[in-house]
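Notes to accompany the following structure.
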Ligand code: ZN
Ligand code: ZN
Ligand code: FE
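Numbering (my numbering), first residue to last: 461 to 1222.
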């Protein structure tokens, strides 16, 4: 070593464990001819480095610049310390307190190096379906507890062979401390079975699976976070059979295709989309369909988009190598239930759907569905944030108390706050049956354990009947704070954007319980973390039949017509009225007037539904938001003139009249204007209306920050054009980029709102 030696203590925070960080530091120190040591600690990685100051300087700079692909560094702090005159650089065992609060990496797609070995006939892991290294492979889904060491994972049953152990022990090896490290001799194995029992193992099992898929069979394939149901996406009859057996009528089915080139034969990929498709998270990406392709029509009927992902496990690559254009890879469950994870559960629940099971003996400890994203103007927007992203926290602006937020009812997630981090769980699903509720409870327990968080406060929705609310109430060990649904939506977007103070919040949504007992969803709030006022809302109209009105948008159309035209409703010369039964319509009108099972709603989602039905797009939906989605897809590009709109000052804010909008739509329908143009005018109206309203609110309140959240912002036309318009008017606009704008992002807002409310109550 050189004569002038100094020493520094470097603390690295973020996702730096289980991602090959210590070998990376080891290599970096060796390259810089530096001495010292590195160790995992409770808060990240700690380095003691000795050597000439300039070389230490270069070393510290390289930590951020050259970090391993899966690392996410949030801070690198260093300070001078006494020089220990070390003579080498070492990786030393984890310090005693290590583990509990260190961040756990999400599951990651197979890396390029491992993929190379997989297809290399000379490699000892050639065609081995469980190949992985410190840069790739399962993490979150195989962890039972922390610290993240092999005995705490589902790899604990597999004793490494000498060759694997040597890699594991060698800091210069890509598999140094790779917990799931394995090979054909010592690791997990695949097996094909059907109702009669085991059929084949290993390569033969994969070959037979491919053969059966080619024959049109449905095969349940065990993946990272659960089972998929796989079927040849080019075989329409097989896809239809899958839909029938799974009780999934129209919702698009996800596709997995071998490579970008193949995807391009059936969908368009722009450079942004390519980037997220090939990212280590490998989410399902919504891509525009090509007009004609080999993909069966039943995959994504009446939809302009395909949900597509690339393979992310070695097993996927091996399977797709048999020449499929794409496989449908949809979650292994009956509609509404959580994805099957345990083998016994998969056998029981998937037997009626799948002709055979391609399983393996590495257990899944945490269920985790595929994530779903869409790229809009370079920004990744989550529709579902799950595998590949969870449990990466959302970093907050400041430290928070330990809060557990229980989320909403649909697309449920939960969230735990700790220090300046918000841990939003994987997608749990719709809390409408026991199986999903159990998943919800076990996710809370598991996250509390692996993140070592003992909540001081529990937060939930205002809705008295949500299962998540009931759970929160049952935790009588903790103070309970209920957060209004749309307030939570807005605070979720505020939290991820590090906003404090008051903002104008646009909450455009389907359904959320309002403090006045009506159903909200077309709200403009003046909000801050701990409180909100309702500044404006769409005129509440009856939802005849309550939940039935969500499933049947034509009911909402009748309700809006009755609201707008009263008894003149039946005089309107529009095709919609000819398509429905007059008596039935009258019953709905009466229900609304007499307030029989017809709660009032200010929901923008319902307005979309109603207009979609008026345009004849659909009278019934198979899933929530379907009609609204089709209304958006109908619109296409092009300018359109807004319909008339106005609002009125009332005691509790401003009431935005929906009647002029409905009058405009009906006038166009009478004139025979085609649906795409009416849809464009409808969108243009909302954009003009809400940007004018924001300007009025800015004059009154001096607020120039607009925050947009809620399920209706999944509508790209509405969200992007409104955002641009507001920015042109000088507003700063904030949207959700880290969690979904739909109810999957609610738990984050609940947690941060509850923390603020708790602080102000204390
Ligand atoms: Zn790898
Ligand atoms: Zn081995
Ligand atoms: Fe919502």
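Heads up, the beta-carbon is just placed ideally off N, CA and C, and yes, glycines get one too.
The beta carbon of residue 1200 sits closer than 7 Å to the beta carbons of 842, 843, 844, 845 from its chain, once the five residues preceding and following it are set aside; these are given in chain order. By the criterion of a C-beta distance shorter than 7 Å, residue 1198 is surrounded in its chain by 854, 956, once the five residues flanking it on both sides are discounted. Of all alpha-carbon atoms in 948, 989, 953, 954, the one lying nearest the alpha-carbon of residue 980 is that of 948.
Just so you know, the alpha carbons of residue 921 and residue 1213 end up roughly 11 Å apart. Bounds of the alpha helix (DSSP H) holding residue 1023 are 1013 to 1025. When DSSP reads this structure, residue 495 sits in a beta bridge with 510. Shown here, residue 590 sits in coil according to DSSP, grouped into three states, outside any helix or strand.
For residue 783, the distance from the CB to the nearest heavy atom of ligand 3 is not below 6 Å. Secondary structure remark: continuous alpha helix (DSSP H) runs of at least 4 residues inside the segment 921 to 993, in chain order: 927 to 934, 945 to 956. Of the candidates 838, 849, 824, 849 places its Cα closest to the Cα of residue 830. Around the CB of residue 837, fewer than 16 other CB atoms lie within 10 Å, so the residue is classed as exposed.
Rounded to the nearest whole angstrom, the C-alpha separation of residue 577 and residue 570 is 11 Å. Proximity of the beta carbon of residue 543 to ligand 2 is not indicated: no heavy atom of the ligand is located closer than 6 Å. Within the model, the alpha-carbon separation for residue 856 versus residue 987 is close to 18 Å. The way I'd put it, the segment 691 to 699 does touch the segment 668 to 680; three or more beta-carbon pairs between them come closer than 8 Å. DSSP places residue 918 in the strand class (E or B) of the three-state scheme.
Not one heavy atom of ligand 2 lies closer than 6 Å to the C-beta of residue 583. It is roughly 39 Å from the alpha-carbon of residue 1098 to the alpha-carbon of residue 975.
Of all alpha-carbon atoms in 768, 892, 877, 817, the one lying nearest the alpha-carbon of residue 833 is that of 768.
Comparing C-alpha distances from residue 703 to each of 753, 608, 686, 757 shows the shortest one belongs to 757. For residue 779, the closest alpha carbon among the candidates 1129, 789, 667 is that of 667.
Contact check between the segment 587 to 606 and the segment 898 to 913: three or more CB pairs, one atom from each, fall below 8 Å, which counts as touching.
Relative to the non-hydrogen atoms of ligand 2, the Cβ of residue 645 comes within a distance shorter than 6 Å of at least one. Put simply, the backbone Cα of residue 877 is about 7 Å away from that of residue 1211. By the neighbour-count criterion, in which a residue is buried when 16 or more other Cβ atoms sit within 10 angstroms of its Cβ, residue 489 is buried.
Between residue 916 and residue 862, the C-beta gap is smaller than 7 Å, which places the two residues in contact. The residues 1004, 1015, 1018, in chain order, have a CB closer than 6 Å to that of residue 1048 in the same chain once the five nearest residues on each side in sequence are set aside. Sequence-distant partners of residue 737 (beyond 5 residues in either direction) whose C-beta falls short of 6 Å from its own C-beta, in its chain, are 745, 770. Between residue 825 and residue 961, the alpha-carbon positions lie close to 41 Å from each other. With distances taken between CA atoms, residue 566 lies nearest to 596 out of 1032, 499, 1113, 596. In the pairwise beta carbon analysis, the segment 1026 to 1035 is classified as not touching the segment 963 to 970: fewer than three pairs are separated by under 8 Å. Take residue 1216, set aside five residues on each side of it, and the residues of its chain with a beta-carbon closer than 6 Å to its own are 989, 990, in chain order. Straight-line spacing of the CA atoms in residue 640 and residue 671 works out to 29 Å.
No heavy atom of ligand 3 is found nearer than 6 Å to the CB of residue 890. Counted as a single uninterrupted DSSP element, the beta strand (DSSP E) harbouring residue 679 occupies residues 679 to 682. When C-beta atoms of the segment 703 to 715 are compared with those of the segment 538 to 548, fewer than three pairs fall below 8 Å, so the two segments do not count as touching.
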